[in-house]
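Trainee: Got a structure for you, written out below as structure tokens; questions coming shortly.
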Amino acid sequence: MRSAFIHKQPRYPLLWDELPASDLVKSAVESVCDEFTQRIFGYHFARLGNLSSQLALPSSPIKHHIKLTREVTEYSSLLGKSHCLPFSQNSIDGFLLAHELDFAQDPHQILREVDRVITQSGYVIISGFNPFSLTWLGKYLPVKRGNVLHDARFFTSGRIKDWLQLLGFEIIEQRNILFSMLFLNYTFRDTPKLQQWLANYLPWCSSAYVILARKRVMPMTAIKPKMKLKPQFSPVGASMRGSSG
């Protein structure tokens, strides 16, 4: 399999408005992420990147949200980079990566950092663009050639889930959203029945997906030896010390 690391940093979106059909994409991702956050409890929730920081998550039980961005914006609360998180080990209860891996130079390193600082039984929410979709095909068509979405990595959900499982995460749920060619700004809000039919019967062709995963806690159980080993030699007794004189 081709390495996920690339030598050139992809263009990085500062706002959702830089993506085609931005309102539709943001609304769909936001709705699923807000629902997923209802399952995450604790003290600290970190949103990595500009897109994550701009989502509204009113249903989250966690009140302290850390919005980490590369540069100062009206949405950011902390400056930093996703591949080198400024958090201590086991300190964050939940993470949101809204298309953060799609525009990452080294997505493996970002997930390793998430694994380092997430608490035991912590959750991570990841949204990504699907390469088995019409939107991925649009990357190679002469449509909106200057749009930042052309630089997106488009990892399969299966590949993301494999990375998470190797780090000890359990996949809780996946939602497939946006069954349309996003580059054409096609409005599909008036076709909810078609969207639902595609979600039921052709989920693999959605333009985007959202994954919810949880860090597994491995129980530490002491294993008692089944049998005692007898010493091969008896200790030297006092009588032997006396006889040597």
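Under my numbering, the first residue of the sequence shown is numbered 48, with each subsequent residue one higher. All C-beta atoms, glycine included, are put in the ideal place defined by N, C-alpha and C. On a predicted model such as this, the values are computed, not experimentally measured, just so you know.
#1: Classify Phe-52 as helix, strand or coil using the three-state DSSP reduction.
#2: For the pair the segment 170-179 and the segment 141-156, tell me if three or more CB-CB distances fall below 8 Å.
#3: At which residues does the beta strand (DSSP E) containing Lys-262 begin and terminate?
#4: What is the DSSP secondary structure of Ala-75, reduced to helix, strand or coil?
#5: Determine the extent of the beta strand (DSSP E) in which Asp-140 is found, giving its start and end residues.
#6: Between the alpha carbons of Val-164 and Gln-156, how many angstroms are there, rounded?
#7: On the premise that Asp-153 lies in contact with Ile-200, defined as a C-beta separation below 8 Å, what is that separation, rounded to the nearest angstrom?
#8: For the ligand HEM, is there a heavy atom less than 6 Å away from the beta-carbon of Cys-131?
#9: How long is the line joining the alpha carbons of Val-257 and Gln-221, rounded to whole angstroms?
#10: Determine, using beta carbons only, whether Lys-114 and Ser-106 come nearer to each other than 7 Å.
Mentor: If we stick to the structure as given:
#1: coil
#2: yes
#3: 255-262 is the span of the beta strand (DSSP E), which, as asked, contains Lys-262.
#4: Under the three-state reduction of DSSP, Ala-75 is assigned to helix.
#5: 139-145
#6: Straight-line Cα distance between these residues: approximately 13 Å.
#7: Before going further, note that residue 200 is Arg rather than Ile in the sequence given. Actually they do not touch by this definition, with Cβ atoms about 11 Å apart.
#8: Ligands are entirely absent from the displayed structure, and the ligand HEM is therefore not among its contents.
#9: 6 Å
#10: no
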